[in-house]
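Numbering (the working numbering), first residue to last: 488 to 673.
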């Protein structure tokens, strides 16, 4: 199936799919960058470092474009030193007493699971997309019966409306993510 892009030319992918692909690639690049580097701003605001302690334990920062950064492995090594832990303890205690939502997590540890609220918001957005597609495809907004009969209609839907088929797959992935987030929060 051919789509017409915003310039009026035929394209294999819709503009929405191209935007989603670009967004996903940017997020992957950002995640890769953030897994290697940490900015001075994050050190100060999220890890409770000060300028003097940054200079003492990490030295001069590197430049990554407009950002001043340090390697995460260097920061993790500095934060694992006993004298750093001694220095950080009162600062961390004070910050935790003032800000109940502040969360300090060691750099090498596993990232927390996605919040269930975000997964629920994602599902609501995908459900809206699916119900819109289903209304256009079937002439109705009742998606529940349609999804319950999903297995028998799978190939027919894929041939008749590939966009709706992809929307239902997105919904199922979001639903699985919500289940996983809810299981991890227990």
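By construction, the Cβ of each residue, glycine as well, lies at the ideal position given by its N, Cα and C atoms.
Bear in mind that the values here come from a model prediction, so they are computed numbers and not experimental data.
> Can you list, in chain order, the residues of its chain whose CB lies under 7 angstroms from that of residue 502, leaving out five sequence neighbours each side?
Replying inline: 492, 493.
>> Tell me the residue span of the beta strand (DSSP E) that contains residue 592.
In response: First-last for residue 592: undefined, no H or E at that position.
>> Using a Cβ distance threshold of 8 angstroms, determine whether the segment 498–517 contacts the segment 660–668, with at least three qualifying pairs required.
In response: They do not touch, by the three-pair rule.
>> For residue 550, list the residues DSSP reports as bridge partners.
In response: According to DSSP, which records beta bridges pairwise, residue 550 is partnered with 555.
> By DSSP, does residue 501 sit in helix, in strand, or in coil?
Replying inline: DSSP, read as helix, strand or coil, puts residue 501 in coil.
>> Going by DSSP, what residue range makes up the beta strand (DSSP E) through residue 526?
In response: Element bounds for residue 526: 524–526.
> What's the call for residue 565, buried or exposed, on a 16-neighbour Cβ count within 10 Å?
Replying inline: The residue is buried, with at least 16 neighbouring Cβ atoms inside 10 Å.
>> Is residue 657 close to chain C? Criterion is C-beta to C-beta, closer than 8 angstroms.
In response: Protein chains in the displayed structure number just one, and chain C is not present.
>> Excluding the 5 residues flanking residue 548 on each side, which residues of the same chain have their C-beta closer than 7 angstroms to its C-beta?
In response: Beyond the five residues adjoining it in sequence on each side, residue 548 comes within less than 7 angstroms, by CB distance, of 527, 555, 556, 557 in the same chain, given in chain order.
>> Please return the same chain residues whose Cβ sits closer than 6 angstroms to the Cβ of residue 498, not counting the five positions on each side in sequence.
In response: Only 490, 492 meet the Cβ criterion.
>> Considering only the alpha carbon of each residue, which of 655, 523, 671 lies closest to residue 551?
In response: The residue from 655, 523, 671 with its alpha-carbon nearest to that of residue 551 is 523.
> What does a CB cutoff of less than 7 angstroms around residue 583 pick up in its chain, not counting 5 residues either side in sequence?
Replying inline: Excluding sequence neighbours, residue 583 sits near 589.
> Going by C-alpha distance, which of 536, 542, 559, 546 is nearest residue 578?
Replying inline: Residue 536 is the option with its Cα nearest to residue 578.
>> Considering Cα atoms alone, identify which of 574, 642, 591, 585 is closest to residue 539.
In response: Of the listed residues, the one whose Cα sits closest to residue 539 is 574.
>> Among 664, 654, 669, 571, whose alpha-carbon lies nearest the alpha-carbon of residue 504?
In response: The option with the nearest alpha carbon to residue 504 is 654.
> Using the C-alpha atoms, what's the distance from residue 542 back to residue 570?
Replying inline: Annotation: residue 570 to residue 542 spans about 15 angstroms, alpha carbon to alpha carbon.
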